[in-house]
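Worksheet for the structure shown next.
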Amino acid sequence: MDRDIECSDSLPPISMTANLQIACFSIHYIIEALANGVVRHLKSSLSFVKNICGQEFSAQSVRFRFVESMGTADIITRASLMGKEIEGWNLRLNTAALMPAIALGTSTIAKSETPEEMRAIIRNGLQAGYRHFDTAAVYGTEHLLGEVLKEVLTSGALRREDVFITSKLGLSDAHLDDVIPAIRKSLRELQLDYVDLYMLHFPLRLKRGKNPFQGLSEDSFAPFDLIGVWKALEHSVELGLTRAVGICNSGSKILQQIAADAKMMPAVNQVEMHPGCLQPKLLDTCKQLGTILMAYFPLGSPGNLRLGEGTSLVINSPILKAIAQKHGKTVEQVALRWTLDHGAGFVCKSRNPTRLTQYLGAFGWNLDNEEHKRIETMPRFMLQDWSVWCNATTSPYRTPKEILDDWFDSDEVNVHT
Ligand SMILES: NC(=O)c1ccc[n+]([C@@H]2O[C@H](COP(=O)([O-])OP(=O)(O)OC[C@H]3O[C@@H](n4cnc5c(N)ncnc54)[C@H](OP(=O)(O)O)[C@@H]3O)[C@@H](O)[C@H]2O)c1
Numbered sequence: 001m002d003r004d005i006e007c008s009d010s011l012p013p014i015s016m017t018a019n020l021q022i023a024c025f026s027i028h029y030i031i032e033a034l035a036n037g038v039v040r041h042l043k044s045s046l047s048f049v050k051n052i053c054g055q056e057f058s059a060q061s062v063r064f065r066f067v068e069s070m071g072t073a074d075i076i077t078r079a080s081l082m083g084k085e086i087e088g089w090n091l092r093l094n095t096a097a098l099m100p101a102i103a104l105g106t107s108t109i110a111k112s113e114t115p116e117e118m119r120a121i122i123r124n125g126l127q128a129g130y131r132h133f134d135t136a137a138v139y140g141t142e143h144l145l146g147e148v149l150k151e152v153l154t155s156g157a158l159r160r161e162d163v164f165i166t167s168k169l170g171l172s173d174a175h176l177d178d179v180i181p182a183i184r185k186s187l188r189e190l191q192l193d194y195v196d197l198y199m200l201h202f203p204l205r206l207k208r209g210k211n212p213f214q215g216l217s218e219d220s221f222a223p224f225d226l227i228g229v230w231k232a233l234e235h236s237v238e239l240g241l242t243r244a245v246g247i248c249n250s251g252s253k254i255l256q257q258i259a260a261d262a263k264m265m266p267a268v269n270q271v272e273m274h275p276g277c278l279q280p281k282l283l284d285t286c287k288q289l290g291t292i293l294m295a296y297f298p299l300g301s302p303g304n305l306r307l308g309e310g311t312s313l314v315i316n317s318p319i320l321k322a323i324a325q326k327h328g329k330t331v332e333q334v335a336l337r338w339t340l341d342h343g344a345g346f347v348c349k350s351r352n353p354t355r356l357t358q359y360l361g362a363f364g365w366n367l368d369n370e371e372h373k374r375i376e377t378m379p380r381f382m383l384q385d386w387s388v389w390c391n392a393t394t395s396p397y398r399t400p401k402e403i404l405d406d407w408f409d410s411d412e413v414n415v416h417t
């Protein structure tokens, strides 16, 4: 069913208050047009809206056809693409750059997607409104992201500055002399001149040819100098190869070790975080050091082939289900909202385009204090098994507590599902 809606304001800039629905509705069409490469600039986008709506257009008084079957939440979140005024859509890095709080992950490790499936996920993400893409040398997907980006950037549908690209150092390249060649290789794969964020994937180094996902032994580890590697990462910023540098899988102690020597603090620390895995002390440290925490496995990685039964604990949580019902949201939206409420961003992924769009519905609302307290009563668990990264001889870490001190210091947790 279609119906007409009156609006008496000019469209841009998008406002979360006045004429939100109208603005979002219009933007919805603009987004489609952008995604399809039909238009590039807002001015032509507005005349595109006029054409597509078949209605008289003026800056002061506009009549648009509102398609009721389009959910408002969907439309609102799509608006964030253009408006970037949706509260919390962007997080400000310590470099002053803005980073979309929602990133689309491109790891195939959890579900072994084929290259074609991964290209489709990235294209679906772009179409849904994702502008932050997360890859890594170890995922083997940099070239796939590069191919899709090239299509979009050369078509003129998006400019380089419209997307935020994160990649991560290969695990065998975590050496002072290997960082710059490694980031240059990533840039060749991505077909880009620079990335927006480049991260140390794990605070350790593996020997060449060792794949962490095919089992680790004492023979897998190579000597590792955290500060040497960090200085090389800083140099990659000075060379213009990346706009910011970050770290993953690191607790407060590692961050503080970097802070003692660094010219640049990590802009981001990407760690496991979901409603079953909150690390308040780590969040505090990150805040103090000006580092943004980015959550991976934000939904508990349901169906992850590498992990155990624990992966359904988040999406099957009765607490999250009850909260979702109360707000008219999905469990996934509640879990993602919970992350944003902690001032963190998240990296998610889905082969399902409907889910990808639904995840954007994490923006534009809040959980209240009582709901946060209920979520804190959920069972505590971490999915990653950190013991495989530790040994008494060759790993820089004898125990998981030396990697993620905040989590393993806490007594209330069941450390691994
Ligand atoms: N820095 C690091 O060390 C590190 C480590 C791990 C991951 N990451 C990053 O984080 C990204 C996200 O990881 P992730 O994909 O495991 O996280 P996730 O967002 O927690 O899980 C996504 C998975 O959940 C499934 N899912 C969602 N709702 C579901 C439901 N209701 N029922 C069943 N399945 C459901 C999706 O399946 P469908 O595809 O079928 O929708 C998708 O495969 C990765 O791609 C990677 O970029 C980084």
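Residues 1 to 417 (full-length UniProt numbering) make up the sequence shown, in order.
All C-beta atoms in this analysis are idealised placements derived from N, C-alpha and C, irrespective of residue type, glycine included.
For this session: With DSSP as the reference, label R343 as helix, strand or coil.
Result: It is Gly, not Arg, that sits at residue 343 in the sequence shown. In the displayed model, G343 falls within coil according to three-state DSSP, outside both helix and strand.
Exercise. What three-state label does DSSP hand M118 in the structure shown?
Worked result: Note: M118 maps to helix in three-state DSSP.
Problem set entry | Proximity below 8 Å, CB of residue 419 to CB of I122 | Since the displayed the chain opens at 1 and closes at 417, residue 419 lies outside it and no answer follows.
Exercise. Alpha carbon to alpha carbon, how far is R398 from P280?
Worked result: Approximately 24 Å between the Cα atoms of the pair.
Exercise. Mind checking G170: buried by the 16 CB within 10 Å criterion, or exposed?
Worked result: Here G170 is buried. Its C-beta has 16 or more other C-beta atoms within 10 Å.
Exercise. With 16 as the cutoff for other CB atoms within 10 Å, does R159 come out buried or exposed?
Worked result: Answer is exposed; the Cβ neighbour count stays below 16.
Exercise. Less than 7 Å between the CB of G209 and some heavy atom of ligand 1, yes or no?
Worked result: Checking every heavy atom of ligand 1 against the Cβ of G209, none is found closer than 7 Å.
For this session: Keeping to the same chain, check which residues put their C-beta closer than 8 Å to that of Y340; ignore five residues upstream and five downstream.
Result: Note that residue 340 is Leu in the sequence shown here, rather than Tyr. Residues G88, A101, F346, A362 and F363 of the same chain have their beta carbon placed closer than 8 Å to that of L340, with the five preceding and five following residues left out of the count.
Exercise. In this structure, does DSSP put T311 in helix, strand or coil?
Worked result: Here T311 sits in helix by DSSP.
Problem set entry | Range of the contiguous beta strand (DSSP E) that encloses G105 | Counting along the chain, the unbroken beta strand (DSSP E) around G105 starts and ends at I102 to G105.
Exercise. With a cut-off of 8 Å, do at least 3 Cβ pairs link the stretch 290 to 307 to the stretch 320 to 327?
Worked result: Between the stretch 290 to 307 and the stretch 320 to 327 there are fewer than three C-beta pairs closer than 8 Å, too few to call the two in contact.
Exercise. At a cut of 8 Å, does the stretch 241 to 252 reach the stretch 278 to 292 through at least three beta carbon pairs?
Worked result: Contact between the stretch 241 to 252 and the stretch 278 to 292 is present, because at least three Cβ pairs lie under 8 Å.
For this session: Quick one: give me the first and last residue of the alpha helix (DSSP H) that H235 is part of.
Result: L226 to E238 is the span of the alpha helix (DSSP H), which, as asked, contains H235.
For this session: Can you grab the Cα-Cα spacing for the pair D261 / L356, in whole Å?
Result: Each residue's Cα considered, the two are about 40 Å apart.
Problem set entry | Straight-line Cα distance separating F202 from V388 | Looking at the two C-alpha atoms, the distance is approximately 13 Å.
Exercise. Does Q288 come within less than 8 Å of chain C when only Cβ atoms are used?
Worked result: The displayed structure is made up of one protein chain only, and chain C is not part of it.
Problem set entry | C-alpha distance - I31 paired with L187, whole-angstrom precision | Residue confidence is low: I31 scores 45 on pLDDT, short of 50, so the model does not pin down where it sits. Its coordinate-derived value is still stated next. One Cα belongs to I31, the other to L187, and the distance between them is close to 28 Å.
Exercise. First and last residue of the alpha helix (DSSP H) that includes V152?
Worked result: E142 to S155 is the extent of the alpha helix (DSSP H) around V152.
Problem set entry | CB of D406 within 8 Å of CB of L282, strictly | In this structure, L282 lies closer than 8 Å to D406 by Cβ.
Exercise. Would you report the Cα separation of A136 and A182, rounded to the nearest angstrom?
Worked result: A direct Cα-Cα distance of roughly 11 Å separates A136 from A182.
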